[in-house]
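Novice: Residue numbers (the numbering used here): 96 to 361. Note that CB positions come from ideal geometry on N, CA and C, so glycine has one too. Predicted, not measured: the structure shown is a model, and the values here were computed from it. The structure that follows is given in the form of structure tokens.
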Amino acid sequence: MEMIVCIKPVPDPKQAGKMTIDRETGTMIRRDIPSVINPLDRHALEAAVQIRERHGGRVTALSMAPGDALPVLKESLARGADRLVLLSDRRFAGGDTLATAGVIAAAVGHLGTFDLVMCGDETTDSGTAQVSAQVAEFLDVPNIMHVDDCRVSPDGDLRLRSRNEEGAFTAEGQTPMVVSVTADINEPRYVTLMDVLDSEGKEVVVLSADDLPLEESWIGLEGSPTRVLELFEPERKSRAEMLSGTPAEQAAVLADRLRRMGFRNG
Ligand SMILES: Cc1cc2nc3c(=O)[nH]c(=O)nc-3n(C[C@H](O)[C@H](O)[C@H](O)COP(=O)(O)OP(=O)(O)OC[C@H]3O[C@@H](n4cnc5c(N)ncnc54)[C@H](O)[C@@H]3O)c2cc1C
Numbered sequence: 096m097e098m099i100v101c102i103k104p105v106p107d108p109k110q111a112g113k114m115t116i117d118r119e120t121g122t123m124i125r126r127d128i129p130s131v132i133n134p135l136d137r138h139a140l141e142a143a144v145q146i147r148e149r150h151g152g153r154v155t156a157l158s159m160a161p162g163d164a165l166p167v168l169k170e171s172l173a174r175g176a177d178r179l180v181l182l183s184d185r186r187f188a189g190g191d192t193l194a195t196a197g198v199i200a201a202a203v204g205h206l207g208t209f210d211l212v213m214c215g216d217e218t219t220d221s222g223t224a225q226v227s228a229q230v231a232e233f234l235d236v237p238n239i240m241h242v243d244d245c246r247v248s249p250d251g252d253l254r255l256r257s258r259n260e261e262g263a264f265t266a267e268g269q270t271p272m273v274v275s276v277t278a279d280i281n282e283p284r285y286v287t288l289m290d291v292l293d294s295e296g297k298e299v300v301v302l303s304a305d306d307l308p309l310e311e312s313w314i315g316l317e318g319s320p321t322r323v324l325e326l327f328e329p330e331r332k333s334r335a336e337m338l339s340g341t342p343a344e345q346a347a348v349l350a351d352r353l354r355r356m357g358f359r360n361g
């Protein structure tokens with residue numbers, strides 16, 4: 096099975112508290128926050144690697160990102176991807192989800208025939224959850240989101256379970272398709288030092304806009320029909336207070352506060 100996993104570098108969600116907004120430009124200030132692979136994309140990668148381990152094939156990690164993201168993206172090779180393709184060009188900068196998906200789809204087409212494109216359901220920085228569906232639309236193949244189980248049946252079809260707040264459904268279909276996964280699909284593997292060392296000889300390909308069948312008017316700001324008009328931090332309406340002391344002391348303080356607020360026993 097020929098699989099392509101879309102991975103995006105995002106500011107480390109564990110350090111999200113450090114992220115601030117430049118009030119003049121209305122953009123996020125990301126400096127001093129290290130990047131990591133978007134957490135759900137690690138689950139997508141693990142799902143693809145497990146399919147390859149059972150059924151054979153190849154896993155390509157694909158990212159549209161600035162060149163300096165390469166060291167972070169190379170983690171995908173240690174996680175089991177066979178090769179990494181980075182789409183990097185200053186002309187891609189400022190693209191909205193449509194422009195991003197257009198570039199990814201052009202790269203998927205450029206890389207040859209594929210069976211499965213796997214994405215995370217959403218990212219932790221922009222989190223629009225639009226890219227996988229848009230990539231599928233550009234490639235003119237089916238798209239299933241919220242996938243928490245993905246198997247290959249003996250005849251080579253895909254059997255997928257998709258779950259949302261309303262319930263779940265199981266679908267079976269022929270490849271090629273684009274799916275996006277939730278964190279419930281698997282537990283991404285622990286990466287060992289040997290995995291990192293083994294990944295060092297793997298193929299890394301960097302492609303620019305000139306390598307892809309793209310028109311200038313489809314990419315970057317020019318190819319983006321949407322604009323961010325305003326970016327702001329939500330107003331804090333409540334404040335958390337941490338109680339200290341033994342559990343019994345904390346419970347006594349809490350009971351006293353509740354009594355003063357008018358709550359009574361019984
Ligand atoms: C109106 C608008 C304007 C924007 N302007 C800018 C801007 O000026 N500068 C800027 O830096 N960003 C900008 N962004 C953010 C940028 O467009 C998004 O980061 C990008 O389109 C991906 O969207 P997302 O993170 O919401 O992806 P989602 O749809 O939430 O991602 C779903 C999945 O798609 C895949 N995916 C998403 N992005 C990539 C990628 N780049 N490479 C590989 N796989 C990917 C991953 O598997 C991911 O889990 C803008 C976004 C919007 C909506």
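Ends of the beta strand (DSSP E) at Arg258?
Specialist: Leu253 to Asn259
Novice: Taking only runs of the alpha helix (DSSP H) that begin and end inside the segment 209 to 260, which ones reach a length of at least 4 residues, in chain order?
Specialist: 226 to 234
Novice: Determine the DSSP secondary structure at Glu97, reduced to helix, strand or coil.
Specialist: It is a strand residue.
Novice: Nearest CA to the CA of Arg284: which residue from Leu172, Glu310 and Glu141?
Specialist: Glu141
Novice: Under 6 Å Cβ to Cβ from Asn259, same chain only, skipping five residues before and after it: list those, please.
Specialist: Once the five neighbours on either side are set aside, the close Cβ partners of Asn259 are His241.
Novice: Provide the residue span of the beta strand (DSSP E) that contains Ala266, from first to last.
Specialist: Gly262 to Gly268
Novice: If you pair each beta-carbon of the segment 300 to 316 with each one of the segment 97 to 107, do three or more pairs fall below 8 Å?
Specialist: The segment 300 to 316 makes no contact with the segment 97 to 107; the number of CB pairs closer than 8 Å stays below 3.
Novice: Alpha carbon to alpha carbon, what distance is there between Met272 and Pro237?
Specialist: Distance between the alpha carbons of Pro237 and Met272: 5 Å.
Novice: Which same chain residues, not among the five before or five after Asp290, have their C-beta less than 6 Å away from its C-beta?
Specialist: Ala173
Novice: Hey, quick one: how far does the alpha helix (DSSP H) through Arg149 stretch, first residue to last?
Specialist: Pro134 to His150
Novice: Ignoring anything shorter than 3 residues, give me the beta strand (DSSP E) runs that lie fully in the segment 165 to 191, in order along the chain.
Specialist: Unbroken beta strand (DSSP E) stretches of 3 residues or longer found wholly inside the segment 165 to 191: 178 to 182, given in chain order.
Novice: Closer than 7 Å: is that where the CB of Asn259 sits relative to any heavy atom of ligand 1?
Specialist: Taken from the Cβ of Asn259, every heavy atom of ligand 1 lies 7 Å or farther away.
Novice: Considering only their Cβ atoms, is the gap separating Gln345 from Leu353 smaller than 8 Å?
Specialist: Between Leu353 and Gln345, the gap from beta carbon to beta carbon reaches 8 Å or more.
Novice: Whole angstroms are fine: how far does the CA of Arg355 sit from the CA of Asn281?
Specialist: 47 Å
Novice: Just to confirm, does Leu135 get its C-beta within under 7 Å of one of the non-hydrogen atoms of ligand 1?
Specialist: Indeed, a heavy atom of ligand 1 lies less than 7 Å from the Cβ.
Novice: Classify Leu326 as buried or exposed, calling it buried when 16 or more other Cβ atoms lie within 10 Å of its own Cβ.
Specialist: exposed
Novice: Which of the three DSSP states, helix, strand or coil, is assigned to Thr277?
Specialist: coil
Novice: Considering only the beta carbon of each residue, do Gln95 and Thr192 sit closer than 8 Å?
Specialist: Outside the displayed range of the chain (96 to 361) lies residue 95, so it cannot be described from this structure.
Novice: By the 10 Å Cβ neighbour count, where 16 or more other Cβ atoms means buried, how is Asp235 classified, buried or exposed?
Specialist: exposed
Novice: Indicate the three-state DSSP secondary structure (helix, strand or coil) for Leu292 in the structure shown.
Specialist: helix
Novice: Is it the case that the Cβ atoms of Val230 and Ile146 are separated by a distance below 8 Å?
Specialist: no
Novice: Report the CB separation of Val198 from Ile314 in whole angstroms; it is logged as a contact under 8 Å.
Specialist: 6 Å
Novice: Of all the alpha helix (DSSP H) runs that stay within the bounds of the segment 324 to 359, which reach a length of 4 or more residues?
Specialist: You should have 342 to 355.
Novice: To the nearest angstrom, how far is it from the Cα of Arg153 to the Cα of Ile99?
Specialist: 8 Å
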